[in-house]
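There are 6 protein chains.
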Amino acid sequence: MKLVVKVTGKFFDAEGDKSQLSSSIRSLVQEGHRVALVTGGGATARRYISLGRSLNLNEASLDLLGIWVARLNAFLMAMSMPDLAYARIPESLEQFLEYWGHGKVVVVGGFQPGQSTAAVSALVAEAISADYLIMVTTVEGVFDSDPKKNPNARFLPRVTTTQLRSILESTQSVKAGTYELLDPMAMKIVERSRIRVIVTSVDKIGKLARIIKGEETASIVEPV
Amino acid sequence: MKLVVKVTGKFFDAEGDKSQLSSSIRSLVQEGHRVALVTGGGATARRYISLGRSLNLNEASLDLLGIWVARLNAFLMAMSMPDLAYARIPESLEQFLEYWGHGKVVVVGGFQPGQSTAAVSALVAEAISADYLIMVTTVEGVFDSDPKKNPNARFLPRVTTTQLRSILESTQSVKAGTYELLDPMAMKIVERSRIRVIVTSVDKIGKLARIIKGEETASIVEPV
Amino acid sequence: MKLVVKVTGKFFDAEGDKSQLSSSIRSLVQEGHRVALVTGGGATARRYISLGRSLNLNEASLDLLGIWVARLNAFLMAMSMPDLAYARIPESLEQFLEYWGHGKVVVVGGFQPGQSTAAVSALVAEAISADYLIMVTTVEGVFDSDPKKNPNARFLPRVTTTQLRSILESTQSVKAGTYELLDPMAMKIVERSRIRVIVTSVDKIGKLARIIKGEETASIVEPV
Amino acid sequence: MKLVVKVTGKFFDAEGDKSQLSSSIRSLVQEGHRVALVTGGGATARRYISLGRSLNLNEASLDLLGIWVARLNAFLMAMSMPDLAYARIPESLEQFLEYWGHGKVVVVGGFQPGQSTAAVSALVAEAISADYLIMVTTVEGVFDSDPKKNPNARFLPRVTTTQLRSILESTQSVKAGTYELLDPMAMKIVERSRIRVIVTSVDKIGKLARIIKGEETASIVEPV
Amino acid sequence: MKLVVKVTGKFFDAEGDKSQLSSSIRSLVQEGHRVALVTGGGATARRYISLGRSLNLNEASLDLLGIWVARLNAFLMAMSMPDLAYARIPESLEQFLEYWGHGKVVVVGGFQPGQSTAAVSALVAEAISADYLIMVTTVEGVFDSDPKKNPNARFLPRVTTTQLRSILESTQSVKAGTYELLDPMAMKIVERSRIRVIVTSVDKIGKLARIIKGEETASIVEPV
Amino acid sequence: MKLVVKVTGKFFDAEGDKSQLSSSIRSLVQEGHRVALVTGGGATARRYISLGRSLNLNEASLDLLGIWVARLNAFLMAMSMPDLAYARIPESLEQFLEYWGHGKVVVVGGFQPGQSTAAVSALVAEAISADYLIMVTTVEGVFDSDPKKNPNARFLPRVTTTQLRSILESTQSVKAGTYELLDPMAMKIVERSRIRVIVTSVDKIGKLARIIKGEETASIVEPV
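Protein chains in written order, with our numbering: chain A, 50 to 273; chain B, 50 to 273; chain C, 50 to 273; chain D, 50 to 273; chain E, 50 to 273; chain F, 50 to 273.
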């Protein structure tokens, strides 16, 4: 299968071992899948954006700083898999497609200002006609309300994009940004190209191979 | 001033003289402005997208075909001003910024799938902290309803983005696509970076220098 | 075998299905051949050249416009074979050689002003030491006079470059341009590198695998 | 004059205003100098190198991670001077020379593994035949012993490379790394091309224009 | 004026001072002209082509070797004018046009197999709408027969391309290659774009500014 | 195994057959090794550096001229193995790593001023975690003194980097440059990444496969 794995920038904030992610990607490749990996920027991105703001950078430049940090995380992961991963981080979707043609894991940080890492991963998934877009977030999956605020929030193993949109919009307390889920641009692409999205937690980052087999708890978002 | 001029792809559909646009850009440069030009794809883009669809291309590839045609139009205009324009069409915002630094007119077709030419021009305007984004469309400006359907549609010389959003949403018969105006992504960028947008018609493409002086009828959209 | 397939721009003028070409290339690859595809620009190229002329572009720029359109056709075909074709269209022979090294089908539009698509395909064939250069044209093969003007024109299944040159030169009514065959530059390269050329018609574009086996009528031009 | 300013990565570790550097560069440009700026990686570089080490990256890849962070700092500074600085960070000396030719401030992070930022700045200074290489470090200048350990360390306003080498070698407690001064490669280049080096402290980063006029305390290293 | 200066590779064969060429280009620039310089490969090119032939390289690769050496000569000259010349040698006409837009002297070696340096310089002259293409050859200008064989060969101060073609063709003993003059491709471009060609000798390489004023003996080839 | 073969520029000075090197690389590849080849510049490099010096080029530019010639030699060898070698010569270590990822032989000339071809080959060896760096020099291996001056010089089949450093330093008459062995930068990289170096003579260039099996006399330098 063709898989896009999108990992929250928070994964790179914590100290300690990042090899769970490399190992997990390696397992997917060994099982015969082709994998694109998209990394967020996390706290380092926010720190540089803050430095940039004190230097009066405009919004486009601030976004570019965040993209640079996301690419730094991408480069870290690429270097950790020198036999599997393409050694360059693409700067645009066209470059991504060129690199992808070489048959390797391609690791992506970001492409341009004005779009979230979620949108980038949706664009990548669309461009390669991916079977799944796996979003590795800070929550276990999709809930009917914010699990951090509502102890009775119900986990949803399967949800349509329509339902997801309605959850995100109706629940005042749940912002897309908080969830790191599908912003409008990502949603639009997922729907128009009917990309199936799996939402899982960074705690399970070492078990991606099990997740796509449905052997680990995760939510599946079906485009409608 | 720093100006972004966005020209509808329809301008390139018609046969005949395209030199009104080059001359108009030349006048702006001669008056001391710096100019970025963004071109749409028009009917040729649609024809290639249709050929692509019959070849079962995915949505990303179809968008890329449209972008190639928009870049072809961009290249045509760049070649028509060899002394003023940068000889390469940028493939990403980062490339655009590099070319822009050389002090020339930079002509842009498009950057990546999933975004309109309007969004591209908003991104460009944000990145250079443009004074105005001039959208050369098929209508004379912003109306309170679709002038093609409603003979009493009232022309609005000045409108806020909030008002514009409300017009676009409330009027069933007016789709953003029809208007070629601000889609959600363009709107988001225009608002977050407070970019002033001028909406004018392709009939006035030879009078851009007059338009920014307010000497020709046009609508101004103020971000709020 | 290593094959270069050159397709007349006219193929892209007609509406309707272009998948015959993709399928035909796919068959060649499946039979173990390596394939480079060179596409012409056709009517869209002529339209843009005409627009350029009305903008007073110089000859080099006009040729570049035609090359851009040929590359657009190349990109269309590359996107129709995402698993087989390299995702970038080379801008020079050196880029072509780099892309070719990746083992994929490389699709080429054109390289530089002042040379025909025939010359481009001869350059490509020489650079990869191709076994055959297959020219898919608007005629069935080489005739001893122009079949469109002379109902008694005799089809030549086998012809030397010397004979071909003499036919092209002696027959006033037959211009190289009309035939889309070997112009002087293409001829020079074909001869110096002893490249065998097959001339066939766009009607047989779906049967390229049969043509190289000699199972379809076509002319072979032998360099001397 | 042509100036290379090399800023220790520690400058980017501290929170707070970085505009002193941009302003200082701007003053130099306004006084008619051409400026190249070289930035170190600092604590963020060390953090990523540590993450990389836990992922078993080889030394070359670890150095590349540090270079990426230095380039991130370079990009931050370039974006803070959009009218003065080239919008791309060069990846090699050849790219640097190309960018430098455009007449702008070029900001450099690093070029390749196995060399210090000091060596990078010496290479840049040599390539442009710089009048001065200004090293903005964590100490006020060159001392005859480590001022942090020896309260009687004597400040040297003028020193030859021979003397400097002897100080660095003879004083056990003073490592080149600590000083962030001239490692052997930097020294070799400074000597062979007779580049004059000014050593000053990050506390005076806002006064670079005064430093090159000799109006602020700093050490000058003369090549011999 | 816009000038293309093409210098025979033989100029680089001799030891000794090459600064006459740099100085001459500098004078042209100081008089307000824009200059592109095209260099041949000479004996070093022939030596590498011979090494390549013993390694069984194909014709395209042999031509590329010659082009590399021509680019080496180009790079030598570019480095000798660091303040005037673009620091990169273009690999294609499109790259040339991009570099040319920066307002500097651009030095060119060659573009692709199958074409002479004369053709390259004609392409460059056409692309920038040059006022003159100055060919610095091993002969003083155009003669009505080969001056090396015929002591009565008559020098022609002014000749049309038609006359030149007839001289080159009719005189058995005069090969285009010997003359390093206009081969068919160069001739075609010169004629279609009506480029005026000045033919002069390498002995006058220090007097290019005088030559374009007509103050030195040289032949002018007028396109018809 | 992963191997880096570094060949002295002198190999390219002599006329005659260079196919021993291609054949030797081919054998290594056929035995399942991955190979990077680094070529020196030799006499042609020195000639161009001398031309450059008479043109008053600075040291950085002179080094770049030498690098260009080394790349020319690299290109010659790459073109002699079109099926095995990557068709582009990398300009930086980052480009090298990208090309290396494609699974082909990558041929390298040089990267930047201020470093020897030995240092380049050590950088390459470190970046790919090579098993051996094979230095093909003008001497048979490491001796305890200069064999050209001392007839009793003793051949050392195995030597540590510490011993080698002591030999190079203590023997006045033996300069690193003469030996074309490990200069300080190369030494530093070899030691920090514990790269095993084999030193052999250009006379055995056809027997590289035997050398790595220990079937030919050569010195091994062990990092300590």
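Just so it is clear, CB atoms sit at the ideal spot from N, CA and C, and this is done for glycine as well.
Start-to-end residues for the alpha helix (DSSP H) that takes in residue i
i, result
"residue 184/C", "Unbroken run through residue 184/C is the beta strand (DSSP E), 181-186; no alpha helix (DSSP H)."
"residue 217/A", "210-219"
"residue 257/C", "257-261"
Euclidean distance between Cα positions of residue i and residue j
i, j, result
"residue 279/B", "residue 140/B", "In the structure as shown, chain B begins at 50 and stops at 273. Residue 279/B is therefore absent and cannot be evaluated."
"residue 256/A", "residue 181/F", "37 Å"
"residue 189/E", "residue 170/E", "19 Å"
"residue 54/C", "residue 247/C", "9 Å"
"residue 92/E", "residue 73/C", "46 Å"
"residue 66/B", "residue 184/B", "20 Å"
"residue 82/C", "residue 210/E", "46 Å"
"residue 168/B", "residue 237/A", "15 Å"
"residue 148/A", "residue 219/D", "51 Å"
"residue 88/E", "residue 119/E", "6 Å"
"residue 270/E", "residue 214/E", "11 Å"
"residue 165/B", "residue 107/E", "47 Å"
"residue 241/D", "residue 235/F", "19 Å"
"residue 124/A", "residue 85/D", "26 Å"
"residue 151/D", "residue 69/B", "31 Å"
"residue 159/C", "residue 59/B", "27 Å"
"residue 127/A", "residue 136/A", "6 Å"
Where residue i falls, given that 16 or more other Cβ within 10 Å makes a residue buried
i, result
"residue 264/D", "exposed"
"residue 198/D", "exposed"
"residue 50/D", "exposed"
"residue 175/B", "buried"
"residue 64/D", "exposed"
"residue 186/E", "buried"
"residue 102/A", "exposed"
"residue 110/C", "buried"
"residue 222/F", "Caution applies to residue 222/F, whose pLDDT of 44 falls short of 50 and renders its modelled position unreliable; the value that the coordinates give is listed next. Per the 10 Å Cβ criterion, exposed."
"residue 200/C", "exposed"
"residue 266/A", "exposed"
"residue 71/D", "buried"
"residue 79/E", "exposed"
"residue 129/D", "buried"
"residue 268/B", "buried"
"residue 112/A", "buried"
"residue 132/B", "exposed"
"residue 122/F", "buried"
"residue 75/A", "buried"
"residue 232/D", "buried"
"residue 206/C", "exposed"
First and last residue of the uninterrupted beta strand (DSSP E) at residue i
i, result
"residue 239/C", "Per DSSP, residue 239/C belongs to no beta strand (DSSP E); it is in the alpha helix (DSSP H), 233-241."
"residue 271/C", "268-271"
DSSP beta-bridge partners of residue i
i, result
"residue 250/E", "186/E"
"residue 191/B", "205/B"
"residue 245/F", "181/F"
"residue 51/A", "83/A"
Subject >> Secondary structure, alpha helix (DSSP H): runs of 4+ residues fully inside the region 53-92 of chain C >> reply: Counting only runs of 4 or more, we get 68-79.
**OP:** Output the residue ranges of the beta strand (DSSP E) runs that lie fully inside the region 120-166 of chain E and measure 3 residues or longer, sorted by chain position.
**Re:** Here the runs fully enclosed are 155-157.
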